[in-house]
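Novice: Basically my numbering = 1-based index in the sequence shown + 168.
Next up is a structure, given as structure tokens.
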Amino acid sequence: MHRIILIGKINEVNIMRTPEDIFKQETEIPDIVQSKLNAAFSSIKTEEAEMSKKKKSFFKRPAAIATAAAVVVLAAGTAFAAANGFWSSALNGILPEDVVSQQALESQGYMAHFEENSSNGLSTVTDAGVSITPVDVICDGTYGYIVFSVEGFEIEDGEEPNVGGLSLYTGNDRINGGVSGGGNFYPGYTLTEERLDHYDNGDPMEWKDEDHLLYLPKYYNEDGQLEYVVYFHENPNAESLIGKNLHVSFDGLGISSGKAEMEVTVPGEWNFDITLPGNDSTRTISLKEKVEGSDYILDTVEISPLSVKAHFTYDGTERGTNDADLIPFITGVCMEGGSWWIPSGGGSSGFSDETRTNAFGFDGFGKVLDPDSITSIRFSCNPNPGESTVAVIDLD
169 MHRIILIGKI
179 NEVNIMRTPE
189 DIFKQETEIP
199 DIVQSKLNAA
209 FSSIKTEEAE
219 MSKKKKSFFK
229 RPAAIATAAA
239 VVVLAAGTAF
249 AAANGFWSSA
259 LNGILPEDVV
269 SQQALESQGY
279 MAHFEENSSN
289 GLSTVTDAGV
299 SITPVDVICD
309 GTYGYIVFSV
319 EGFEIEDGEE
329 PNVGGLSLYT
339 GNDRINGGVS
349 GGGNFYPGYT
359 LTEERLDHYD
369 NGDPMEWKDE
379 DHLLYLPKYY
389 NEDGQLEYVV
399 YFHENPNAES
409 LIGKNLHVSF
419 DGLGISSGKA
429 EMEVTVPGEW
439 NFDITLPGND
449 STRTISLKEK
459 VEGSDYILDT
469 VEISPLSVKA
479 HFTYDGTERG
489 TNDADLIPFI
499 TGVCMEGGSW
509 WIPSGGGSSG
519 FSDETRTNAF
529 GFDGFGKVLD
539 PDSITSIRFS
549 CNPNPGESTV
559 AVIDLD
């Protein structure tokens, strides 16, 4: 799995760490929260999310244009894929289970199914005998996922497939156009805060160990294909990603050893330029509330089906110093009914401008949630070096 979280720009994403290592490195949070933050991309079939607001929207459907040197330029197309069962297994893992909610997301422009065929040929890149094809995309302007099918890459039972290098950037600027992100092969299940007893397709869960502590991944879907999920996000204060060209490059495929090492077994390069669709509408709540345990006032919260952003103003009345490490970090959202969901999409926090008086916190949910069903937001704060406290602020 590859993940890197930066406030600024990146060029290459080529880091293989466990979810536990990632969260320990990125932020200091309470132990009770840390213990739950092992939900990597593969998320949860939502139980309560229903998109309550339906907006008139549509997708433009330009054809995919094939170019030389194994590069494909794509634009997303849709024809109510949810109604026709077109979504990939990986995307189905994070979507609401009911078709009505899926159609609402699709009609509002959040997600699209790539057209399999175009007047210029298939939107597939083949190298070293392996064919990779973009299947689905979902994006809220700041955060998003793209699912790719992978054919011709064979793995044995018990092996963990991986990508040698993953590069993500927008436009034509490889150096300054980087976006944060990463990816993983879909294991057939989506993690929740509860113990799983079945795979996403309904099959009974199988285990790696006799104590039933480690899920056994099933990387091949029912069509005998592997699915690789790329997630990406931009600094929340940057321009929306919608309509931008996202370059995705895979460099080599192989097997991970489980010790942050991998052996490239299929050298090759698969390049894609994808014009991102999406919807950057959010539920925006103005609050002006003190975040206890910090020197910050929570000004506004923006919630989409994929992510949450918090905007702060520095108060400075308690310490008189302003350190980026002291910006509150989002560690949970409370749903109607009282259940909590731990964001797992790779969060960040930082200053919004050079004055260091305005700041932000951001994270992806790791699944699709109904913004109108979120009632509270939880933050981890550092009132003193080495200390962590939790602050909960109601949104209504």
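The beta carbon of each residue, even a glycine, is placed where N, CA and C say it ideally should be.
#1: Find the nearest neighbour of V298 within the set D368, G422, Y357, C307, judged by alpha-carbon distance.
#2: Identify which residue in V432, A258, V303 has its Cα closest to the Cα of E328.
#3: Which residues mark the beginning and the end of the beta strand (DSSP E) in which L466 is found?
#4: Given that a residue counts as buried once 16 or more other Cβ atoms are within 10 Å of its Cβ, and exposed if not, what is C549?
#5: Which residues bound the alpha helix (DSSP H) around S275?
#6: Examine the Cβ distances between the stretch 444-453 and the stretch 499-516 and report whether three or more of them are shorter than 8 Å.
#7: Nearest CA to the CA of W509: which residue from K477, I542, A492?
#8: Nearest to Y396 by alpha carbon, out of V268, E378, E319, E265?
#9: For A559, which of helix, strand or coil comes out of DSSP?
#10: Output the distance between the C-alpha atoms of G349 and Y399, rounded to the nearest integer angstrom.
#11: If you check the beta carbons only, do G420 and P435 fall under 8 Å apart?
#12: Determine, using beta-carbon pairs with one atom in the stretch 340-348 and one in the stretch 373-389, whether at least three such pairs fall under 8 Å.
#13: Assuming the contact rule is C-beta atoms closer than 8 Å, S462 and P496 should be a hit. Round their C-beta distance to whole Å, please.
#14: Could you spell out where the beta strand (DSSP E) holding A280 opens and where it closes?
#15: Give me the Cβ distance between V315 and L259, rounded to the nearest whole Å; I'm assuming they're in contact under 8 Å.
#16: Let me make sure I understand the geometry here. Which of F254, G515, Y357 has the alpha-carbon closest to that of F528?
#17: Identify which residue in Y311, P372, D266, S256 has its Cα closest to the Cα of T301.
#18: Would N405 and S520 be called neighbours here (beta carbons separated by less than 8 Å)?
#19: So the alpha helix (DSSP H) L382 belongs to, where does it begin and stop?
#20: Taking 8 Å as the threshold (C-beta atoms), are S475 and Y311 in contact?
#21: Mapping DSSP to helix, strand and coil, what is P264?
Specialist: In terms of the structure at hand:
#1: On the sequence shown, position 130 is the one that residue 298 refers to. Closest option to V298, judged by alpha-carbon separation, among D368, G422, Y357, C307: G422.
#2: Within the sequence shown, the letter at position 160 stands for residue 328. For the residues V432, A258, V303, the minimum Cα distance to E328 belongs to V432.
#3: Locating residue 466 in the sequence shown gives position 298, counting from the first residue. Per DSSP, L466 belongs to the beta strand (DSSP E) from 464-471.
#4: Taking the sequence shown and counting its residues from 1, the one referred to as residue 549 is at position 381. Buried, because 16 or more other Cβ atoms sit within 10 Å of the Cβ of C549.
#5: As a working mapping, residue 275 is identified with position 107 in the sequence shown. From DSSP, the alpha helix (DSSP H) with S275 extends over 267-275.
#6: Touching, no, given that fewer than three Cβ pairs across the two stretches are closer than 8 Å.
#7: Reading the sequence shown from its first residue, position 341 is the one you call residue 509. I542 is the residue among K477, I542, A492 whose C-alpha sits nearest the C-alpha of W509.
#8: The residue you call residue 396 lines up with position 228 of the sequence shown. Comparing Cα-Cα distances from Y396 to each of V268, E378, E319, E265, the minimum goes to E319.
#9: Taking the first residue of the sequence shown as 1, we reach residue 559 at position 391. Strand, per DSSP.
#10: Within the sequence shown, numbered from 1, the residue matching residue 349 stands at position 181. Within the sequence shown, numbered from 1, the residue matching residue 399 stands at position 231. A direct Cα-Cα distance of roughly 5 Å separates G349 from Y399.
#11: To locate residue 420, count along the sequence shown from 1; it is residue 252. To locate residue 435, count along the sequence shown from 1; it is residue 267. Contact flag set, yes.
#12: Because the criterion of three Cβ pairs below 8 Å is not met, the stretch 340-348 and the stretch 373-389 do not touch.
#13: Position 294 of the sequence shown holds residue 462. Position 328 of the sequence shown holds residue 496. Yes, S462 and P496 are in contact; Cβ-Cβ is about 5 Å, under 8 Å.
#14: Within the sequence shown, numbered from 1, the residue matching residue 280 stands at position 112. Unbroken beta strand (DSSP E) run through A280: 279-281.
#15: What you label residue 315 is simply residue 147 of the sequence shown in a count that begins at 1. What you label residue 259 is simply residue 91 of the sequence shown in a count that begins at 1. Between the beta-carbon of V315 and that of L259 there is about 5 Å, and that keeps the pair under the 8 Å contact cut.
#16: To locate residue 528, count along the sequence shown from 1; it is residue 360. Among F254, G515, Y357, the Cα nearest to that of F528 is on G515.
#17: Working through the sequence shown from its first residue, we reach residue 301 at position 133. Of the candidates Y311, P372, D266, S256, the residue whose Cα lies closest to the Cα of T301 is S256.
#18: To locate residue 405, count along the sequence shown from 1; it is residue 237. To locate residue 520, count along the sequence shown from 1; it is residue 352. Contact: yes.
#19: For the purposes of this step, residue 382 is taken as residue 214 along the sequence shown, with counting starting at 1. Note, L382: premise wrong, no alpha helix (DSSP H); not H, not E.
#20: Within the sequence shown, the letter at position 143 stands for residue 311. Within the sequence shown, the letter at position 307 stands for residue 475. Cβ atoms of Y311 and S475: closer than 8 Å.
#21: Position 96 of the sequence shown holds residue 264. Here P264 sits in strand by DSSP.
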